[in-house]
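> The opening residue of the sequence shown carries number 1 in UniProt numbering; numbering runs sequentially from there.
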Amino acid sequence: MKKYHRLLLIIVSVISLILFLIYRHEYNRLHYVLEVFNFFGQPCNFSDLQTSDYTLKQYDWGPQPMWQELDNGYVYSAFLTGKIEVKAIALPLDVKKVPRNCYFWFEDKKKPLTGKFTFSKMLNTNLSSLTPYFFYCTAPTIDNTPYAVSFTYKAKRESEMKKILLVDVQITNHKIPNINTTICVSPTTFSKKKIVEFFSFHRLVGVESFIFYTKDIPYRLSKLLMNLSKRLDAHVAFLPWNFPKNDIDVAQSIIEYDCLFRTYGRSRFIITLNLNEYLVPTTSYTINELLNDLENQVHRLSLPVQKFCINNVSNNKPLALQNYDVVRDINHSDIRFIYKNVEDNNFNTNTVDKTRASVHKYVKCGIYSQTTTDYSMQKFSIDFTRSTLVQLLLHNQL
Numbered sequence: 001m002k003k004y005h006r007l008l009l010i011i012v013s014v015i016s017l018i019l020f021l022i023y024r025h026e027y028n029r030l031h032y033v034l035e036v037f038n039f040f041g042q043p044c045n046f047s048d049l050q051t052s053d054y055t056l057k058q059y060d061w062g063p064q065p066m067w068q069e070l071d072n073g074y075v076y077s078a079f080l081t082g083k084i085e086v087k088a089i090a091l092p093l094d095v096k097k098v099p100r101n102c103y104f105w106f107e108d109k110k111k112p113l114t115g116k117f118t119f120s121k122m123l124n125t126n127l128s129s130l131t132p133y134f135f136y137c138t139a140p141t142i143d144n145t146p147y148a149v150s151f152t153y154k155a156k157r158e159s160e161m162k163k164i165l166l167v168d169v170q171i172t173n174h175k176i177p178n179i180n181t182t183i184c185v186s187p188t189t190f191s192k193k194k195i196v197e198f199f200s201f202h203r204l205v206g207v208e209s210f211i212f213y214t215k216d217i218p219y220r221l222s223k224l225l226m227n228l229s230k231r232l233d234a235h236v237a238f239l240p241w242n243f244p245k246n247d248i249d250v251a252q253s254i255i256e257y258d259c260l261f262r263t264y265g266r267s268r269f270i271i272t273l274n275l276n277e278y279l280v281p282t283t284s285y286t287i288n289e290l291l292n293d294l295e296n297q298v299h300r301l302s303l304p305v306q307k308f309c310i311n312n313v314s315n316n317k318p319l320a321l322q323n324y325d326v327v328r329d330i331n332h333s334d335i336r337f338i339y340k341n342v343e344d345n346n347f348n349t350n351t352v353d354k355t356r357a358s359v360h361k362y363v364k365c366g367i368y369s370q371t372t373t374d375y376s377m378q379k380f381s382i383d384f385t386r387s388t389l390v391q392l393l394l395h396n397q398l
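1) For glycine 41, collect the residues of the same chain with a Cβ closer than 7 Å to its Cβ; drop the 5 residues on either side in sequence, then sort them by chain order.
2) Looking at isoleucine 335 and proline 304, is the spacing between their C-beta atoms short of 8 Å?
3) Roughly how many angstroms lie between the CA atoms of proline 43 and aspartate 108, to the nearest whole one?
4) Classify threonine 81 as buried or exposed, calling it buried when 16 or more other Cβ atoms lie within 10 Å of its own Cβ.
5) Are at least three pairs of beta-carbons, each pair with one atom in the region 68 to 87 and one in the region 216 to 225, less than 8 Å apart?
6) DSSP state of asparagine 341, grouped into three classes?
7) Give me the residue from Thr131, Tyr264, Leu389, Thr188 with the minimum Cα distance to asparagine 276.
8) Straight-line CA distance for valine 169 to alanine 148?
9) Along the chain, where does the beta strand (DSSP E) containing alanine 251 start, and where does it finish?
10) Would you tell me roughly how many angstroms separate the C-alpha atoms of threonine 388 and asparagine 348, rounded to the nearest one?
11) For proline 281 versus glutamate 197, is the C-beta distance shorter than 8 Å?
12) Would you grab the beta carbon distance between valine 236 and glutamine 58 for me? Rounded to a whole angstrom, and I think it's under 8 Å.
13) Less than 8 Å between the beta carbons of isoleucine 179 and glutamate 208, yes or no?
14) Using CA coordinates, which residue listed in Lys154, Phe106, Lys110, Lys162 is at the minimum distance from aspartate 143?
15) Among the residues of its own chain, which have a CB less than 8 Å from the CB of serine 253, if the five just before and after it don't count?
16) Given a threshold of 16 other Cβ atoms within 10 Å of its Cβ, counted over all protein chains shown, does serine 129 qualify as buried or as exposed?
17) Using DSSP with H/G/I as helix, E/B as strand and the rest coil, what is glutamine 391?
18) Can tyrosine 339 and leucine 260 be called in contact, C-beta distance under 8 Å?
19) Which stretch, first to last residue, makes up the beta strand (DSSP E) that contains valine 298?
20) Kindly give me the distance between the Cβ atoms of isoleucine 84 and phenylalanine 104, rounded to whole angstroms, as I take these residues to be in contact under 8 Å.
21) Suppose the cutoff is 7 Å on Cβ atoms and the five residues either side in sequence are ignored; what does the same chain contact list for alanine 139 look like?
22) Kindly list the residues whose CB is nearer than 6 Å to the CB of serine 381, restricted to its own chain and excluding five residues on each side of it in sequence; keep chain order.
23) Can you give me the start and stop residues for the alpha helix (DSSP H) that glutamate 197 sits inside?
24) Excluding five sequence neighbours on each side, which residues of the same chain lie with their C-beta closer than 8 Å to the C-beta of asparagine 311?
25) Once the 5 residues before and after tryptophan 61 are set aside, which same chain residues still bring their CB inside 7 Å of it?
26) Could you give the distance in angstroms between the alpha-carbon of lysine 192 and the alpha-carbon of glutamine 391?
27) I need the straight-line Cα distance from aspartate 383 to asparagine 101, nearest angstrom please.
28) Just to confirm, is the Cβ distance from serine 77 to aspartate 258 under 8 Å?
29) Between which two residues does the beta strand (DSSP E) holding isoleucine 183 run?
30) DSSP state of threonine 282, grouped into three classes?
31) Using beta-carbon positions only, say whether phenylalanine 135 and valine 75 come within less than 8 Å of one another.
32) My assumption, with CB atoms under 8 Å, is that isoleucine 183 sits in contact with leucine 273. Please give the rounded CB distance.
33) What is the rounded straight-line gap between the Cα of tryptophan 241 and the Cα of phenylalanine 79?
34) Taking the Cβ atom as the reference point for each residue, do valine 352 and serine 314 lie within a distance shorter than 8 Å?
35) Quick check on this structure: which residue in Lys87, Thr355, Gly73, Ser120 has the alpha carbon closest to the alpha carbon of lysine 97?
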């Protein structure tokens, strides 16, 4: 008789387990439906957001930049840093043939005003044979504000000069930035999964503004993110990146400086990351506690980069939750900086230990890579997986 009782208990246990799994599956489906319904307030056809004839207004970061070819090099963007003072990001091909002349353009004048040209290296060290520079153009104070600048090596007709539209970053009356944190994202090979998961995770930890430097993101996806950004309480912008060279390190440095200048006075904190890099707070759930450490005398935080092995990517789970193995590499010492948006270029830096926060970088590893484990990402797993865009991605609705 006892054998039958045990068998009955086993059968009941198995049935209970099956029913529990079915219930959990249906609960998660219902949770997802209710979450999306609550998010949009009413049923929503996501294809409408992609094919709509309209896009929601995005935050104004100034004129869109573009690499323009000059006499002997390229210029990407230019910033009006003073009443009649311009700082441009450039990539000369021969430092012996940098521009000698610069000109200011005004809306109410046909002819430009000649300025004084100077230049300086962007970095103290040479990353490669390519060296990015800052081009400066200044002139005596006048009443009007220029809208564009031109640089030339030789004298040219006005019609032959290429105009670089100016981003006005002049700050008056100590204006308080209306955005707390902005992430600028370097261009990488397009992946819808990477973009959606990167955006969703950093929105979860408190980042509210994103600037994507793009070269091959489908317009359909960028339009969808822009149309959803207001409901996600975030700012999303896409800036073109038609870099004429293939040097990744130089590109990263240029994007970091463009991001700093473009967000000056508008965002309190700035960091530049790649799509496979995640800013992960270890001792808190959001990055706000970490950013509070940026006191008045500290201008930036230095964060260690930890490499995580991802060799076989699954589409059923966010990339950052697929492995917690950190590569032990004594030669790997990458860092990323969180900047406090200040005018002073002499940055005082505090180093953050990985026990407080780090940047998780997800890469393919060699077969014999030595690893340790880091479970700091695990506490975000439920909220990350249940975030609206990740759920839409997992259900093939994006």
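Note that CB positions come from ideal geometry on N, CA and C, so glycine has one too.
Answer, in terms of the structure:
1) In this prediction, glycine 41 scores a pLDDT of 48, lower than 50, which makes its location untrustworthy; the coordinate-derived value is nonetheless stated afterwards. Excluding sequence neighbours, glycine 41 sits near nothing in its chain.
2) yes
3) Its pLDDT being 49, under 50, proline 43 is placed unreliably by the model, and nothing is read from it.
4) Per the 10 Å Cβ criterion, buried.
5) Under the 8 Å Cβ criterion, the region 68 to 87 does not count as touching the region 216 to 225, having fewer than three qualifying pairs.
6) Coil at asparagine 341, not helix or strand.
7) Thr188
8) 14 Å
9) Careful: alanine 251 lies outside any beta strand (DSSP E), inside the alpha helix (DSSP H) at 248 to 262.
10) 38 Å
11) no
12) 6 Å
13) yes
14) Phe106
15) Met122, Leu123, Leu127, Pro132.
16) exposed
17) helix
18) yes
19) From DSSP, valine 298 is part of no beta strand (DSSP E); its letter is neither H nor E.
20) About 7 Å separates the CB atoms of isoleucine 84 and phenylalanine 104; that is less than 8 Å, so the two are in contact.
21) Ile84, Phe104, Leu113, Gly115, Lys116
22) Leu321
23) 192 to 204
24) For asparagine 311, where only same-chain residues beyond five positions count, the Cβ hits under 8 Å are Lys364, Cys365.
25) Ile211, Ala237, Arg262
26) 13 Å
27) 55 Å
28) For the pair serine 77 and aspartate 258, the CB atoms are nearer than the 8 Å cut-off.
29) 179 to 185
30) Threonine 282 carries a coil assignment under DSSP once its states are collapsed to helix, strand and coil.
31) yes
32) About 6 Å separates the CB atoms of isoleucine 183 and leucine 273; that is less than 8 Å, so the two are in contact.
33) When rounded, the distance between both Cα atoms is 17 Å.
34) Contact flag unset, no.
35) Gly73
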